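In full-length UniProt numbering, the protein residues as written are 1 to 254.
Even for Gly, the Cβ is constructed at its ideal location relative to N, Cα and C.
Note that this is a predicted model, so its numbers are computed, not measured.
Notes to accompany the following structure.
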DNA sequence: ATGTCAGCCCTAGGCTGA
């Protein structure tokens, strides 16, 4: 079983790139972030033609998430239960016995901003909800755009980024807190090329210079850990003419 | 090194967010 996450930065703009990527990689389950679509505009027919069922939760202009799967998803949840949140950031479902949570974590803008406070509150609520989800569903995958670079080796210039958004000790502590629930970063189960990033700023020729961050992650539960046989970042779509700023990340479970 | 992109807004460039 292959599962992937991709921040597409507008599903309207990226739909053809997505269906091309699905045709080549044939993942069983995909979560998308930043669809930036209201629910009435979700391209369910085009994705069905590509062989995928979909669940979605969108809003206009910002945010928006989706869960694509070849097999149907059960017990679908939108956003974090009990958290009053205007922003569409989470979609979860159970597919072939695996609980899949797709999330678009808040960006946080800057450590001294209101948006950072929202990010902290959202992360705290996510952790408590995921704790319960793990108790109910031992086979669980939490994946998406975390907007957190967990370690300095996930940052192209850790000195320049020290204390900056995505790299603060508070954000990294939340990432470790999720791991502490019994989740593991699938990417780090394997030897990986140095300077592996999942996001490159559109500005400053960042992709050409490979100046990026690894902020898109797939965390798997202990019950799935022994089944993980690969985890890769696919840079190919970032080389498209009009790419998303993020690359997809994909994990293989035997 | 401040060299981008997407969506929004009473259509056209300036804004917000990333």
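Point to revise | residue 13 (DSSP reduced to helix, strand or coil) | key: For this step, residue 13 is matched to residue 13 along the first chain. It is helical.
Exercise for review: Identify, in the order they occur along the chain, each residue of the same chain with its Cβ nearer than 7 Å to the Cβ of residue 184, setting aside the five sequence neighbours on each side.
Suggested key: Position 184 of the first chain, counted from the start, is the residue given in the question as residue 184. Only residues of its own chain outside the window of five on either side were considered, and among them 219, 220, 225 have a CB closer than 7 Å to the CB of residue 184, listed in chain order.
Exercise for review: Would you mind sorting residue 63 into buried or exposed? The rule is 16 or more other CB atoms within 10 Å of its CB.
Suggested key: Residue mapping note: residue 63 aligns to position 63 of the first chain, counting from 1. By the neighbour-count rule (16 or more Cβ atoms within 10 Å), residue 63 is buried.
**Study point:** Extent of the continuous beta strand (DSSP E) run through residue 161
**Key:** In the first chain, residue 161 corresponds to position 161, counting from 1. Counting along the chain, residue 161 falls outside any beta strand (DSSP E), though it belongs to the alpha helix (DSSP H) covering 158–161.
Exercise for review: Mind reading off the beta-carbon distance from residue 8 to residue 22? Whole number of angstroms is fine, and I expect it under 8 Å.
Suggested key: The residue labelled residue 8 in the question sits at position 8 within the first chain. The residue labelled residue 22 in the question sits at position 22 within the first chain. That belief does not hold up - the Cβ atoms of residue 8 and residue 22 are roughly 12 Å apart, past 8 Å.
**Study point:** Simplified DSSP assignment, three categories, for residue 213
**Key:** Walking along the first chain from the start, residue 213 turns up at place 213. Here residue 213 sits in strand by DSSP.
Exercise for review: Count the C-beta pairs between the region 184–197 and the region 229–236 that are closer than 8 Å, then say yes if the count reaches three, no if not.
Suggested key: yes
Exercise for review: Compute the Euclidean distance between the alpha carbons of residue 200 and residue 94, then round it to the nearest angstrom.
Suggested key: For this step, residue 200 is matched to residue 200 along the first chain. For this step, residue 94 is matched to residue 94 along the first chain. Approximately 31 Å, taken between the alpha carbons.
Point to revise | residue 132 - DSSP class collapsed to helix/strand/coil | key: The sequence position of residue 132 within the first chain is 132, counting from 1. If DSSP states are grouped into helix, strand and coil, residue 132 belongs with the helices.
Point to revise | Sequence-distant residues of its chain with Cβ nearer than 6 Å to residue 108 (five each side left out) | key: In the first chain, counting from the first residue as 1, residue 108 sits at position 108. Here the set comprises 115, 116, 119, 165.
Exercise for review: Apply the 10 Å Cβ neighbour rule to residue 40 and answer buried if 16 or more other Cβ atoms are within range, or exposed otherwise.
Suggested key: Working through the first chain from its first residue, we reach residue 40 at position 40. Exposed.
Review point. Could you give the distance in angstroms between the alpha-carbon of residue 125 and the alpha-carbon of residue 83?
Key: For this step, residue 125 is matched to residue 125 along the first chain. For this step, residue 83 is matched to residue 83 along the first chain. C-alpha separation (whole angstroms): 7 Å.
Exercise for review: Hey, could you find the ends of the beta strand (DSSP E) residue 102 is sitting in?
Suggested key: The residue labelled residue 102 in the question sits at position 102 within the first chain. For residue 102, the enclosing beta strand (DSSP E) begins and ends at 98–104.
Check your understanding: Starting from residue 47 and walking both ways along the beta strand (DSSP E), at which residues does that stretch end?
Key -> Here residue 47 corresponds to residue number 47 of the first chain, with the count starting at 1. No beta strand (DSSP E) contains residue 47, which is instead part of the alpha helix (DSSP H) from 44–49.
Review point. Under the three-state reduction of DSSP, which class applies to residue 185: helix, strand or coil?
Key: In the first chain, the residue the question calls residue 185 occupies position 185. Residue 185 falls in the strand class under three-state DSSP.
Review point. Apart from the five residues just before and just after residue 157, which ones in its own chain have a Cβ nearer than 8 Å to its Cβ?
Key: In the first chain, counting from the first residue as 1, residue 157 sits at position 157. Same-chain partners within the cutoff: 211.
**Study point:** Contact set for residue 58: own chain, Cβ-Cβ below 8 Å, skip 5 residues either direction
**Key:** The residue labelled residue 58 in the question sits at position 58 within the first chain. Here residue 58 has 35, 36, 37, 38, 39, 41, 42, 64, 65, 66, 88 as same chain residues with Cβ atoms under 8 Å from its own Cβ, once five neighbours each way along the sequence are excluded.
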